[in-house]
Amino acid sequence: MPALSEYSNVHNTVFNIITNKGYKLWYNKETEMYCAEKNGWDFMADTPCSLLGIILIYEYKNPKSYQEYWWKDEGSLSEKNLSTQAPSYTSVVEKKLL
Numbered sequence: 144m145p146a147l148s149e150y151s152n153v154h155n156t157v158f159n160i161i162t163n164k165g166y167k168l169w170y171n172k173e174t175e176m177y178c179a180e181k182n183g184w185d186f187m188a189d190t191p192c193s194l195l196g197i198i199l200i201y202e203y204k205n206p207k208s209y210q211e212y213w214w215k216d217e218g219s220l221s222e223k224n225l226s227t228q229a230p231s232y233t234s235v236v237e238k239k240l241l
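The structure is reproduced here in structure tokens:
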């Protein structure tokens, strides 16, 4: 069991993080999507955790103005070369049980 995973019981925490970062937050019933906006930059995702991830991409990239594919990152990792094997580690959950 991981220390934290995406599940509905973390949604309130995610909502608080997003609003404390200064974003306006709402749920669009028509599209069934979670939405946020700050300074004209608007974001939309299927789940609250995904929305937070999208916002973190924006904050990481810190674009000065909109341009197509502003979010792209040409780093060395991609889905094609992402490891399918977990590294060796001891989860904090396991450490607590010891």
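When we follow the working numbering, the leftmost residue of the sequence shown carries the number 144, and every step to the right adds one.
Positions of the beta carbon are idealized from the N, C-alpha and C atoms, including for glycine.
What are the boundary residues of the alpha helix (DSSP H) that includes residue i?
i, result
"Asn171", "Asn171 -> not in any alpha helix (DSSP H); beta strand (DSSP E) instead, spanning Lys167 to Asn171."
"Lys204", "Pro191 to Lys204"
"Thr233", "Premise fails: Thr233 is in no alpha helix (DSSP H) and is neither H nor E."
Just the C-alpha distance for residue i and residue j, rounded to the nearest angstrom, thanks.
i, j, result
"Glu217", "Ile197", "17 Å"
"Ser208", "Gly165", "19 Å"
"Lys204", "Phe186", "14 Å"
"Glu177", "Asn159", "Going by the sequence as given, residue 177 is Tyr instead of Glu. Cα to Cα, Tyr177 sits roughly 14 Å from Asn159."
Using DSSP with H/G/I as helix, E/B as strand and the rest coil, what is residue i?
i, result
"Lys181", "strand"
Might you give, ordered along the chain, the residues of its own chain that have their beta carbon closer than 6 Å to the beta carbon of residue i, omitting 5 neighbours on each side?
i, result
"Glu175", "none"
By Cβ distance, which residues of its chain are closer than 7 Å to residue i, with the 5 residues on each side in sequence left out?
i, result
"Thr233", "none"
Is there contact between the segment 148–155 and the segment 185–201, where contact requires at least three CB pairs shorter than 8 Å?
They touch, by the three-pair rule.
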